[in-house]
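All letters in the sequence shown, in the order written, are residues -24 to -1, 1 to 104 by mature numbering (1 follows the signal peptide of the UniProt record, and there is no 0). This report concerns only the one structure given below.
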Amino acid sequence: WKQKRAVFQGLCSAFSDAFGLVSATPGECPPQSSGIKSCTTSCNSDSNCPNNEKCCSNGCGRYCTAPYKVKPGHCPKPKKIQACAESCFHDGQCPATQKCCPTTCGHACSEPHVLYSYGMCSMFAQTV
């Protein structure tokens, strides 16, 4: 598997270089809040942001912010939980390999299903 991953990482990198694609900062933008939004734009892409921050939309403008950590894998089908709770908001709040996944009534840390798809360059970037 390590050899295959290295080959696909190389292909993904060559594809990005050949087509001038800019590598995005790993992670995701935080969810948009429903409060007052600033319509100023302080960035256009992640490359405009310092300290590995991401350029995120707030629904009106764009701003630099620390990214939410995204761990590899996919959340399992939501489990029925007795008490409604938001025990996490993003993967970085979960231990080890667990992801912050939706339940039938909130979010909780869960072990992910890891799906290997050779067509997804981003998966290889996250597992290195």
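All C-beta atoms, glycine included, are put in the ideal place defined by N, C-alpha and C.
| Item | Value |
| --- | --- |
| Leaving out five residues on either side along the sequence, give the residues of the same chain with a beta carbon under 8 Å from the beta carbon of Pro88. | Lys47, Pro48, Gly49, His50, Cys51, Pro52, Thr73, Gln74, Lys75, Cys77 |
| What number of angstroms, rounded off, separates the C-alpha of His83 from the C-alpha of Pro54? | 9 Å |
| Mind checking whether Asn34 and Lys13 have CB atoms under 8 Å apart? | yes |
| Just to confirm, are Thr1 and Lys45 a CB contact at a threshold of 8 Å? | no |
| Once you ignore the five residues that flank Val(-3) on each side, which residues in its own chain have a CB closer than 7 Å to its CB? | In this prediction, Val(-3) scores a pLDDT of 47, lower than 50, which makes its location untrustworthy; no coordinate-derived value is stated. |
| Just verifying my parser: in three-state terms, what is the DSSP assignment at Gly68? | helix |
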